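**Q** Just so we're aligned: 173 in our numbering is position 173 of the sequence shown, and the numbers increase by one with no gaps anywhere.
Before I ask anything, here is the structure I am working with.
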Amino acid sequence: AFKAAGSMELAASAFRTALALEPTSLNGYTGLAGALKQTDPVGAAAALAAAASDDALIAKANATREWLQTSKSPMPIEASEAASELESLSRYADLLERAPRCRSTTMQEAIASGAEALTQGGPVRLTNASADWRAHSWDDDVIMAEVGAEALEMLAMPQPEHPTLDPLHGALLEPARFGVYFGDYLRLLDLLSPQQREDNIPSPTFSAYIAQLNLLRLPNLLKHVCLPRALPSTALSIANLWVGGSLMRNGLHFDLYDNLLFQIRGGKRAVLFPPNDQEHLDYGAAPIRRHSFSLPAGFSNKTVYEKIRHNVARLNIFSQDLLASNPEVSKASPMICEIDPGDALFLPKGWHHAVISVAPSRRNLAVNL
1 AFKAAGSMEL AASAFRTALA LEPTSLNGYT GLAGALKQTD PVGAAAALAA AASDDALIAK
61 ANATREWLQT SKSPMPIEAS EAASELESLS RYADLLERAP RCRSTTMQEA IASGAEALTQ
121 GGPVRLTNAS ADWRAHSWDD DVIMAEVGAE ALEMLAMPQP EHPTLDPLHG ALLEPARFGV
181 YFGDYLRLLD LLSPQQREDN IPSPTFSAYI AQLNLLRLPN LLKHVCLPRA LPSTALSIAN
241 LWVGGSLMRN GLHFDLYDNL LFQIRGGKRA VLFPPNDQEH LDYGAAPIRR HSFSLPAGFS
301 NKTVYEKIRH NVARLNIFSQ DLLASNPEVS KASPMICEID PGDALFLPKG WHHAVISVAP
361 SRRNLAVNL
């Protein structure tokens, strides 16, 4: 929030406080680097170096590699069968599917209209948004050559959805954090794909996702991303990479900053609600618990309490019985926005959103600024 407001000194102080509480937090180090990059480039470089030298992360990445080496090669099912399954899993409840679609314009028209018109007009789909980005070359070969050896933090969860409801503790359950080398992650996406034959799925089964990976950690990829001219550069404080496989569903929440999401590969279907719908969407103090996970063991029966959050809805927005469990949702004003490669979604701060990411090719890549 401090970064989004341009208060970089306060942001750096907040990240240092977070690192004092959790000295191994990769997000803490990369966030600190982002806050320092304009005023203290030496300090920013040191923070990135600390993020890259996380011994615990590397040990976990090595464990993932060893597990992969004992697993079978993937055997995909027929493409038509996979596409049909993904189509059904990418739909919201009928009430939400009947909602109007968000407005759409081209990036060129948004630039001509000016930043104020873009930021004051609510969510908008921008077509032809990244035509000059080299990021569209990010196939497996490019990723392997540029960043395949980088150790990263991935999220691991039993199903391709987070957070999930935890009625036992009255909490929201978030994925475990584990380590993986980027090159191994690509193979992992193939191995764990729901498009495999059941007799070839390895044990333990889980879903994996790379979320909010600060591209300052991956300069070889960051150089392929261009600053959008539709917004002033002073309004941009982050550059995050999101990498998933065939399917991932991110639950309903809101952010305290404007978001410009560029789709590189695969597609996304977002359900959006205006800020004043909050009273209909079951927000409140939500205890967050996190899965415990390791390889080759998989998930343990224990979850770990982490913190309280107020920006995550305490409902399953993907349930086909949404109205039965949360009738207040019928009073809300949803809209649907779908983006494909080359599109972007501008989402003003405070708008509630859930996202379903789908990629029959098992590669879903996006960058948000």
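All C-beta atoms, glycine included, are put in the ideal place defined by N, C-alpha and C.
Keep in mind it's a predicted model, so treat the numbers as computed, not measured.
Skipping 5 residues on each side, what residues in its chain have a beta carbon closer than 8 Å to that of Glu328?
**A** For the purposes of this step, residue 328 is taken as residue 328 along the sequence shown, with counting starting at 1. Counting only Cβ-Cβ distances below 8 Å, and skipping sequence neighbours, we find Glu279, His280, Leu281, Asp282.
**Q** Applying the 10 Å Cβ sphere with the 16-neighbour rule, what's the burial state of Ser300?
**A** In the sequence shown, the residue the question calls residue 300 occupies position 300. Counting Cβ neighbours within 10 Å, Ser300 comes out exposed, since fewer than 16 surround it.
**Q** Between the C-alpha atoms of Asn128 and Ser88, what's the straight-line distance to the nearest angstrom?
**A** Your numbering for residue 128 matches position 128 in the sequence shown. Your numbering for residue 88 matches position 88 in the sequence shown. Rounded to whole angstroms, Asn128 to Ser88 spans 28 Å at the Cα level.
**Q** Can you check which of these residues, Tyr181, Gly179, Asp184, Glu161, is closest to Leu173 by C-alpha distance?
**A** As a first step, residue 173 must be located in the sequence shown, where it is residue number 173. Residue Glu161 is the option with its Cα nearest to Leu173.
**Q** Looking at Arg363 and Leu252, is the spacing between their C-beta atoms short of 9 Å?
**A** By one-based count along the sequence shown, residue 252 stands at place 252. By one-based count along the sequence shown, residue 363 stands at place 363. It is not a contact, given that the beta carbons lie outside the stated cut-off.
**Q** My understanding is that Lys349 touches Asp258, with C-beta atoms under 8 Å, so please give their C-beta distance in whole angstroms.
**A** One-based indexing of the sequence shown puts residue 349 at position 349. One-based indexing of the sequence shown puts residue 258 at position 258. Correct: roughly 5 Å between the Cβ atoms.
**Q** Tell me Ala270's beta-bridge partners as DSSP assigns them.
**A** As a working note, residue 270 is residue 270 in the sequence shown. According to DSSP, which records beta bridges pairwise, Ala270 is partnered with Cys337, Val355.
**Q** Along the chain, where does the beta strand (DSSP E) containing Gly179 start, and where does it finish?
**A** Translated into positions along the sequence shown, residue 179 becomes position 179. 176-181 is the extent of the beta strand (DSSP E) around Gly179.
**Q** Out of Ile58, Pro334, Gly342, point me to the one whose CA is closest to Trp351's CA.
**A** Taking the first residue of the sequence shown as 1, we reach residue 351 at position 351. The shortest C-alpha separation from Trp351 is found at Pro334.
**Q** Once DSSP output is grouped into helix, strand and coil, what is the label at Asp166?
**A** Within the sequence shown, the letter at position 166 stands for residue 166. Strand, per DSSP.
**Q** Would you say Leu155 and Arg177 are within 9 Å of each other, going by their C-beta atoms?
**A** Along the sequence shown, one-based indexing puts residue 155 at 155. Along the sequence shown, one-based indexing puts residue 177 at 177. Yes. Within cutoff.
**Q** Can you tell me which of Val304, Asp166, Ile58, Arg103 puts its alpha carbon nearest to the alpha carbon of Leu118?
**A** As a first step, residue 118 must be located in the sequence shown, where it is residue number 118. Of the listed residues, the one whose Cα sits closest to Leu118 is Arg103.
**Q** Using a Cβ-Cβ cut-off of 6 Å (strictly less than) and excluding sequence neighbours within five positions of Lys268, which residues of its own chain qualify?
**A** Along the sequence shown, one-based indexing puts residue 268 at 268. Within the same chain, Lys268 has close Cβ partners Ile339, Val355, Ser357.
**Q** Roughly how many angstroms separate the alpha carbons of Ser130 and Thr105, rounded to a whole number?
**A** As a working note, residue 130 is residue 130 in the sequence shown. As a working note, residue 105 is residue 105 in the sequence shown. Going from the Cα of Ser130 to the Cα of Thr105 covers about 14 Å.
**Q** Give every residue of the same chain whose Cβ lies closer than 7 Å to the Cβ of Asp132, excluding the five residues on either side of it in the sequence, and list them in chain order.
**A** Indexing the sequence shown from 1 puts residue 132 at position 132. Excluding positions up to five away in sequence, the list reads Cys226.
**Q** Below 8 Å on the Cβ atoms is my guess for Leu272 versus Pro123; work out the distance and round it to an integer in Å.
**A** Mapped onto the sequence shown, residue 272 falls at position 272. Mapped onto the sequence shown, residue 123 falls at position 123. About 5 Å separates the two Cβ atoms, so the contact holds.
**Q** In the DSSP assignment, find the alpha helix (DSSP H) that holds Arg65 and state where it starts and stops.
**A** Locating residue 65 in the sequence shown gives position 65, where the first residue counts as 1. Where Arg65 is concerned, the enclosing alpha helix (DSSP H) stretches over 55-69.
**Q** Please report how far the alpha carbon of Leu369 lies from the alpha carbon of Leu260, in whole angstroms.
**A** Residue 369 sits at position 369 when you count from the first residue of the sequence shown. Residue 260 sits at position 260 when you count from the first residue of the sequence shown. Going from the Cα of Leu369 to the Cα of Leu260 covers about 5 Å.
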